[in-house]
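These notes are about the structure you will find just below.
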Amino acid sequence: MEEIVKEYKNEDITVIWYPAKCTQSQCCFKAYSEVFDPKKRPWVQLSNGETEKIIRTVEACPSGALSYYFNKKEEKAPAETKPVLVRLSPAGSVKIEGTFIFRDETGKETLIENDTVAICRCGISNRKPFCDGMHKTLDAWKALGKNTEKK
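Be aware that the sequence shown starts at 1034, since it is given in our numbering, and climbs by one per residue.
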């Protein structure tokens, strides 16, 4: 099955969205609703915002579903290897970012390079081992005996 990838461009940058990686955190929408609005089509409207703020919003995407590149090659920053960072969301996924080898339950290895993946820990994702945001269905999370209240 071919992965769906969407691209949105303005004069300066191209924003790339990988829907299958999105965990529906809504960070982009909450940070910059003029540009990222799931009720509009297309849901990303770069012409409604400032490039620098769009870049900051995309860089804050916790799942790595959003990324960007500069349209002019001379502006493109060289790829830099990041150290591996693991973040645990209180009522959500485990986010791993950087360059590392991911081995699934079958032993299949995948090289992840300077990217972010969100790993399911609620057990109800339809994309295991990756998170698809299903943990947000409170009834499912509670059924697993997890505390869904924010502290």
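Think of the CB as a built atom: it goes at the ideal place given N, C-alpha and C, for glycine as much as any other residue.
Computed from a prediction, not measured in an experiment: that's the story for all the values here.
Since residue i is in the alpha helix (DSSP H), which residue starts that stretch and which ends it?
i	result
V1091	1084–1092
F1163	Note, F1163: premise wrong, no alpha helix (DSSP H); not H, not E.
A1151	Run containing A1151: none in the alpha helix (DSSP H); it sits in the beta strand (DSSP E), 1142–1152.
K1072	K1072 -> no alpha helix (DSSP H), and no H or E assigned at all.
K1169	Looking at the DSSP string, K1169 is not in any alpha helix (DSSP H), and its letter there is neither H nor E.
Taking residue i as the reference, give the member of the options with the closest Cα.
i	options	result
N1104	V1048, V1077, T1132	V1048
E1044	Y1051, K1054, E1083	E1083
K1106	I1046, T1170, S1100	I1046
A1098	K1063, K1161, S1058, C1153	S1058
K1086	W1076, E1067, R1074	E1067
Going by the DSSP bridge assignment, what does residue i pair with across the sheet?
i	result
R1120	K1128
L1099	W1050
Just the C-alpha distance for residue i and residue j, rounded to the nearest angstrom, thanks.
i	j	result
Y1102	D1137	29 angstroms
E1040	W1050	6 angstroms
Could you pull the start and end residues of the beta strand (DSSP E) that residue i belongs to?
i	result
K1039	1039–1042
### Message
Would the stretch 1138–1147 count as touching the stretch 1118–1125 if we require 3 or more Cβ pairs under 8 angstroms?
### Response
At 8 angstroms Cβ cutoff, the stretches do not touch.
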